[in-house]
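First to last, the protein sequences are chains E and H. Position 311 of the first sequence, counted from 1, bears residue number 311 in my numbering, the numbering being contiguous throughout. Position 149 of the second sequence, counted from 1, bears residue number 149 in my numbering, the numbering being contiguous throughout. Just so it is clear, CB atoms sit at the ideal spot from N, CA and C, and this is done for glycine as well. Source: prediction; values computed, not measured. The block underneath contains the structure these notes are about, expressed in structure tokens.
2 protein chains.
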Amino acid sequence: MGDLFLRALRQEPVERLPVWIMRQAGRYLPEYRAIREKVDFLTLCRTPSLAAEVTLQPVARLGVDAAILFSDIMVPLLPAVPGMRFDPGPKLPHPVTDPDAIHPFDPLVEVGFVAEAIRLARRTLTVPLIGFAGAPATLATYLAEGGAKKSFHAFRALLHADAGRARALLERLEAITLRYLLMQVEAGAHAVQIFDSWGGELSDADFAGFAAPGLRRICARLRDTGVPVLYFARGMPRDVGATAVGVDWTVDLAAARARGPVQGNLDPAVLFGDAATVAEKTRAMAAPLARTGYVVNLGHGILPLTPVESALAFVKAAQSIRCSP
Amino acid sequence: MGDLFLRALRQEPVERLPVWIMRQAGRYLPEYRAIREKVDFLTLCRTPSLAAEVTLQPVARLGVDAAILFSDIMVPLLPAVPGMRFDPGPKLPHPVTDPDAIHPFDPLVEVGFVAEAIRLARRTLTVPLIGFAGAPATLATYLAEGGAKKSFHAFRALLHADAGRARALLERLEAITLRYLLMQVEAGAHAVQIFDSWGGELSDADFAGFAAPGLRRICARLRDTGVPVLYFARGMPRDVGATAVGVDWTVDLAAARARGPVQGNLDPAVLFGDAATVAEKTRAMAAPLARTGYVVNLGHGILPLTPVESALAFVKAAQSIRCSP
Numbered sequence: 001m002g003d004l005f006l007r008a009l010r011q012e013p014v015e016r017l018p019v020w021i022m023r024q025a026g027r028y029l030p031e032y033r034a035i036r037e038k039v040d041f042l043t044l045c046r047t048p049s050l051a052a053e054v055t056l057q058p059v060a061r062l063g064v065d066a067a068i069l070f071s072d073i074m075v076p077l078l079p080a081v082p083g084m085r086f087d088p089g090p091k092l093p094h095p096v097t098d099p100d101a102i103h104p105f106d107p108l109v110e111v112g113f114v115a116e117a118i119r120l121a122r123r124t125l126t127v128p129l130i131g132f133a134g135a136p137a138t139l140a141t142y143l144a145e146g147g148a149k150k151s152f153h154a155f156r157a158l159l160h161a162d163a164g165r166a167r168a169l170l171e172r173l174e175a176i177t178l179r180y181l182l183m184q185v186e187a188g189a190h191a192v193q194i195f196d197s198w199g200g201e202l203s204d205a206d207f208a209g210f211a212a213p214g215l216r217r218i219c220a221r222l223r224d225t226g227v228p229v230l231y232f233a234r235g236m237p238r239d240v241g242a243t244a245v246g247v248d249w250t251v252d253l254a255a256a257r258a259r260g261p262v263q264g265n266l267d268p269a270v271l272f273g274d275a276a277t278v279a280e281k282t283r284a285m286a287a288p289l290a291r292t293g294y295v296v297n298l299g300h301g302i303l304p305l306t307p308v309e310s311a312l313a314f315v316k317a318a319q320s321i322r323c324s325p
Numbered sequence: 001m002g003d004l005f006l007r008a009l010r011q012e013p014v015e016r017l018p019v020w021i022m023r024q025a026g027r028y029l030p031e032y033r034a035i036r037e038k039v040d041f042l043t044l045c046r047t048p049s050l051a052a053e054v055t056l057q058p059v060a061r062l063g064v065d066a067a068i069l070f071s072d073i074m075v076p077l078l079p080a081v082p083g084m085r086f087d088p089g090p091k092l093p094h095p096v097t098d099p100d101a102i103h104p105f106d107p108l109v110e111v112g113f114v115a116e117a118i119r120l121a122r123r124t125l126t127v128p129l130i131g132f133a134g135a136p137a138t139l140a141t142y143l144a145e146g147g148a149k150k151s152f153h154a155f156r157a158l159l160h161a162d163a164g165r166a167r168a169l170l171e172r173l174e175a176i177t178l179r180y181l182l183m184q185v186e187a188g189a190h191a192v193q194i195f196d197s198w199g200g201e202l203s204d205a206d207f208a209g210f211a212a213p214g215l216r217r218i219c220a221r222l223r224d225t226g227v228p229v230l231y232f233a234r235g236m237p238r239d240v241g242a243t244a245v246g247v248d249w250t251v252d253l254a255a256a257r258a259r260g261p262v263q264g265n266l267d268p269a270v271l272f273g274d275a276a277t278v279a280e281k282t283r284a285m286a287a288p289l290a291r292t293g294y295v296v297n298l299g300h301g302i303l304p305l306t307p308v309e310s311a312l313a314f315v316k317a318a319q320s321i322r323c324s325p
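The following block contains the structure:
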């Protein structure tokens, strides 16, 4: 039964809907906060035993059908951006748009702690483990802004002011993202998710011209290894050759499912309702898609102040939905 | 020729495409910054002679086909939220979710300076003047967050935690928005735009259940006065009975135009390219829609560091497009 999540992604028969929660390992869990009282965010990411422990927490607490590695999309860029810190979003000492600042690297040497965390987590996990990375355009967005800001237009501005530089930056990030994800697969990740929260902010033409080719290459190479690849973006995700797309709550789920396997998309804010309301809205969302090819999830990361009981109500409601053969 | 913008919205014959720029009066213009060196943002909004002067600046500088009142969507809430300041986004002394905090008010008494600014601007304007307000859900989003933040989920959380309170808050804001816009029309606004940047963050069900009914009532009442109503949202705007929709750059413009009159949608980041590139991308966007029912604009507000020459290149390129009869 442990591979329910993977069977759903492969469109093989499933007896019920699988469910996990984006950012399921994190601030809403008291056992996570207890660890964070002792170590800072970056130390946690860099310490395999702790990262593995936090990765396992939501599986024990919520009984989700997949675990996701505890880390941050900016972690593979730590070697390239000395002085980057997390508070809790990434803060860079200065914006980075120079492609040469992003030197090619050996992830096993530079961020091997991620592979080690995956190996440690797998020792005790009873459900599949998802590795992840940021999409090149989303990484470039944070790099060009110098971190998490209120507005995110610096990379789009670069793209129009100096298309060559923007493309070179994306190509460097593509190389890093691919190596980094391949390392995770080799370490034992059963699936990988590419987070592209900011890719949806590109116009169709800019996405097609700048972001899509690299994403297609990344997805194709990863799928060659046999692992399913999930691609998450805001708004209706474009086709980049992923196994399944993750969609946010503004997207019509049935329309997205009609295009292929899909994951999502309850508004994380729904989890501020009481447990009965959460269960009702989860069932209303998921029941019409009760067959293989669908993974229940939120439409974005779980919010830090979410009550644990709501997360549990969400998971239980999703897992109560039987699938037709 | 002065009514080109209005004819395009009414789908009457136009000889060329009209153009204006969201946030065209503001930080990217040196003549605006010169005024702001002398007065703060709120004083500027509250002083009719200055607000009118700033409203006129982009018409003189760029030759745009419409002016938009210089103000902020939070201005009609100043009487309800003592201590609100702007830096430059709104900062509230505390989050507001109590509907009773939003007392009904007489806009002529409480924010009559807005009507006076419209009257003053109209004395010298040679193009139509657009009044504006925030949509109730967008106002509620800022109120519930306590201002402009990095994440905007407090109102959506309220909506699921206490639907009755959320609905009551929206109804108070609907009443204020409607009175405020009617005051602007009576003062001489030729058209009004409703800004709903955060309405697009609601799921289809939540938008239909909470936001749409009030927006429909506002649009219907305003259209009874004879003025065109523009409705701007992020993503593909839902139908709320507006005369035209404003769309951002992630929306397929032809698909939006097929549903009715449309305004937009160049990525504001394009204006960081050189003048030739700006002109080329503007023409590529607008030329396929060279007929009535389309107003050229950016897909969101012009960015503060935009070169004035780029804004001018955008306007000139749009105005060079002749329309078929």
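Step through the CB atoms of chain E and report whether any lies within less than 8 Å of the CB of residue i.
i: THR277/H; result: yes
i: PHE41/H; result: no
i: ASP87/H; result: no
i: PRO90/H; result: no
i: GLY147/H; result: no
i: LEU303/H; result: yes
i: MET1/H; result: Below a pLDDT of 50, predicted positions are generally treated as unreliable, and MET1/H, at 49, falls in that range; the measurement from the model is reported next regardless. No - not a single Cβ of chain E is within 8 Å of the one on MET1/H.
i: ALA313/H; result: no
i: ALA144/H; result: no
i: ASP267/H; result: yes
i: HIS153/H; result: yes
Suppose the cutoff is 6 Å on Cβ atoms and the five residues either side in sequence are ignored; what does the same chain contact list for residue i look like?
i: GLY264/E; result: GLY246, VAL247, ASN297 and GLY299
i: SER197/E; result: THR138 and ARG234
i: GLU174/H; result: PRO136 and GLY214
i: ALA275/H; result: GLU309 and ALA313
i: THR225/E; result: VAL185
i: PRO95/E; result: ALA144 and GLY146
Do the CB positions of residue i and residue j come within less than 8 Å of each other?
i: ALA244/H; j: LEU50/H; result: no
i: PHE132/H; j: ILE35/H; result: no
i: LEU271/H; j: MET285/H; result: no
i: ARG27/H; j: PRO304/H; result: yes
i: VAL192/E; j: LEU222/E; result: yes
i: THR282/H; j: PHE314/H; result: yes
i: ALA140/E; j: PHE152/E; result: no
i: PHE195/H; j: ARG238/H; result: no
i: LEU108/E; j: ALA115/E; result: yes
i: VAL240/H; j: CYS219/H; result: yes
i: ILE176/E; j: PRO90/E; result: no
i: PHE105/H; j: PRO88/H; result: no
With 8 Å set as the bound, which would you pick, yes or no: does the beta-carbon of residue i sit closer than that to a beta-carbon of chain H?
i: GLY400/E; result: Because chain E here runs from 1 to 325, residue 400/E falls outside it and cannot be looked at.
i: ARG27/E; result: no
i: HIS160/E; result: yes
i: ALA157/E; result: yes
i: GLY241/E; result: no
i: PHE232/E; result: no
i: PHE272/E; result: yes
Among residues of its own chain, excluding the 5 on either side of residue i, which ones have a beta-carbon nearer than 7 Å to its beta-carbon?
i: MET1/H; result: Here the model assigns MET1/H a pLDDT of 49, short of 50, so the residue's position is not dependable, and the following value carries that caveat. If we look at MET1/H and ignore the five residues flanking it on each side, it has no Cβ neighbours.
i: CYS323/H; result: VAL14, GLU15, ARG16, LEU17, ALA290, ARG291 and THR292
i: LEU158/H; result: THR97, ALA144, ARG165 and ALA166
i: ASP65/H; result: LEU4, PHE5, PRO18, VAL19, TRP20 and VAL127
Leaving out the 5 sequence neighbours to the left and right, which residues in its chain are closer than 8 Å to residue i when beta-carbon positions are compared?
i: GLN57/E; result: ALA25, LEU29, GLU31 and TYR32
i: GLN11/E; result: PRO261, THR292 and GLY293
Can you tell me which residues form a DSSP beta bridge with residue i?
i: PHE195/H; result: GLY134/H and PHE232/H
i: ILE68/H; result: ILE130/H
i: GLN263/H; result: GLY246/H and VAL295/H
i: ARG147/H; result: Here residue 147/H is Gly; the residue named in the question, Arg, does not match the sequence. DSSP output for GLY147/H lists LYS91/H as bridge partner(s).
i: ARG85/H; result: LYS91/H
i: VAL19/H; result: VAL296/H
i: ARG322/E; result: ARG16/E
To be precise: take each residue of the region 184-218 of chain H, compare its Cβ to all Cβ atoms of chain E, and keep it if any distance is under 8 Å. Which residues remain?
Within the region 184-218 of chain H, the residues whose Cβ lies closer than 8 Å to some Cβ of chain E are GLY200, GLU201, LEU202, SER203, ASP204 and ASP206, listed in chain order.
With 8 Å as the C-beta to C-beta threshold (strictly closer), list the residues of the region 243-256 of chain E near chain H in chain order.
Taking 8 Å as the upper bound on Cβ-Cβ separation, chain H lies near residues TRP249, THR250 and ASP252 of the region 243-256 of chain E.
If the cut-off is 9 Å on Cβ atoms, which residues from the region 53-76 of chain H count as contacting chain E, listed in chain order?
Under the 9 Å Cβ criterion, the region 53-76 of chain H contributes no residue.
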